[in-house]
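Only one structure is covered here, and it is reproduced in the block below.
Numbering (my numbering), first residue to last: 78 to 492.
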């Protein structure tokens, strides 16, 4: 089991762990699946209740534009036609499937995983927690791991997963999925040398990005032209090319595809339209986390982007390996516990980006995201007193730069 997957006491049973004997630990997929489904239903119910309490009418139907001021939908209760002064497009997205034989028929996505009747045998995050539950997992990577993220950090995440027994097939592209007579799935693929391979597995999960659900909206009826791959909407301050039609969330072109981003942008838009506010959404320095076994949290620029934008001679990279307190007694491997601060070289060294791989990375990077919004500098960071013994304090002790060539490994538990 991976270090994060095995809780103790009554909490473990809620996640499906069974302890018939101390040396015989088992996991029950149905218990975990039912718990997750119950949580999803409760979240949906709470949302419906909140809408009702705010006197927001909820219509369960697919809306399509008839003209710039009219939307039509068909529900179980019949057809509805609505007119409005403003419209907000926030239809989100769904996982993509590759255009190969058998993908739709036999593959699943992250949306489906907790609807499976039987445990899967399979996206980095899904592979990570499935391996933690004791299932074999192989990740096929088309080009690079975690495209768009700092690549040193991304490769470190992949290396940490490999150390935990997750197999990686690099620079491979799936060609077909076939179902065998025994129910197994045969997946065929080709690598970058044009060599062909195939293997059998129980479940195939595609994690190749998401598509915006705009194609069925009839955007042509309102003269909004989709961009990108014909799915995204280009908007300035969430306002589309049609002034009274707005958009937030995953449908926006070149904006972070994150739920909290959509929520905050929608909140600010409502305040501008109805609350006399003039505050716009700031899409820079949005923190995010990859929930792999060793989490990767980041905010701001990657090392590559900072160098591209400002030049290598104008950027300083601080970095360090560290040993989390909870790794001490069990003597766990710290070779992938790593953090990086990307900063301007001049003056007090304004922080451009912060990257952290380790336990609870999401919790750690959240606070530093606020600091970066407030123009954090390396000088301020180094003069901040850390809380000991926490792993977040490692950011306040960082002092080794890549430029110096010094060893970034920890010298002692309190260095």
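Idealized CB from N, CA, C, for every residue including glycine.
- Coil, strand or helix - residue 290 by DSSP: coil
- Message: By DSSP's criteria, residue 310 is part of a beta bridge. Which residues make up the other side?
- Response: 329
- Message: Report the CB separation of residue 180 from residue 283 in whole angstroms; it is logged as a contact under 8 Å.
- Response: 7 Å
- How about the stretch 327-336 and the stretch 302-314: do they share at least three Cβ pairs that are nearer than 8 Å? yes
- Where does residue 142 fall in DSSP's three states? strand
- For residue 386, the nearest candidate out of 358, 415 and 419 (CA to CA): 419
- Of all the options 488, 481, 433 and 454, which has the alpha carbon lying nearest to the alpha carbon of residue 228? 433
- Query: Going by Cα to Cα distance, which pick from 245, 240, 268 and 158 is closest to residue 252?
  - Reply: 268
- Query: Taking the Cβ atom as the reference point for each residue, do residue 299 and residue 322 lie within a distance shorter than 9 Å?
  - Reply: yes
- Secondary structure of residue 279, DSSP reduced to three states: coil
- Query: With a Cβ-Cβ cutoff of 9 Å, do residue 399 and residue 340 count as a contact?
  - Reply: no
- Message: So if DSSP puts residue 172 in a beta bridge, which residue, or which two residues, is it bridged to?
- Response: 287
- Message: Between the alpha carbons of residue 325 and residue 165, how many angstroms are there, rounded?
- Response: 7 Å
- Query: Can you round the beta-carbon distance between residue 464 and residue 471 to whole angstroms, since I take them to be within the 8 Å contact cut?
  - Reply: The Cβ separation is near 11 Å, so there is no contact.
- Query: With burial defined as no fewer than 16 other Cβ atoms inside 10 Å of the residue's Cβ, what is the status of residue 345: buried or exposed?
  - Reply: buried
- Message: Suppose you measure from the CA of residue 444 to the CA of residue 305; what does that come to, to the nearest Å?
- Response: 33 Å
- Query: Can we say the stretch 152-169 touches the stretch 242-258, given the rule of at least three CB pairs closer than 8 Å?
  - Reply: no
- In the DSSP assignment, what residue or residues form a beta bridge with residue 266? 251 and 274
- Query: Secondary structure at residue 445, three-state DSSP: helix, strand or coil?
  - Reply: helix
- Task: Look at the Cβ atom of residue 294, then the Cβ atom of residue 168, and state whether they are nearer than 9 Å.
- Result: yes
- Item | Simplified DSSP state of residue 458, which is helix, strand or coil | helix
- Query: Residues bridged to residue 374 by DSSP?
  - Reply: 366 and 433
- Query: Residue range of the alpha helix (DSSP H) that residue 215 falls in?
  - Reply: Note, residue 215: premise wrong, no alpha helix (DSSP H); beta strand (DSSP E) at 215-218.
- Message: Looking at the secondary structure, which residues open and close the alpha helix (DSSP H) in which residue 237 lies?
- Response: 228-240
- Helix, strand or coil for residue 88, going by three-state DSSP, please let me know. helix
- Query: Going straight from the alpha carbon of residue 199 to that of residue 406, what length do you get?
  - Reply: Caution is warranted here: a pLDDT of 45 is assigned to residue 199, below 50, making its placement in the model unreliable, and no coordinate value can be reported.
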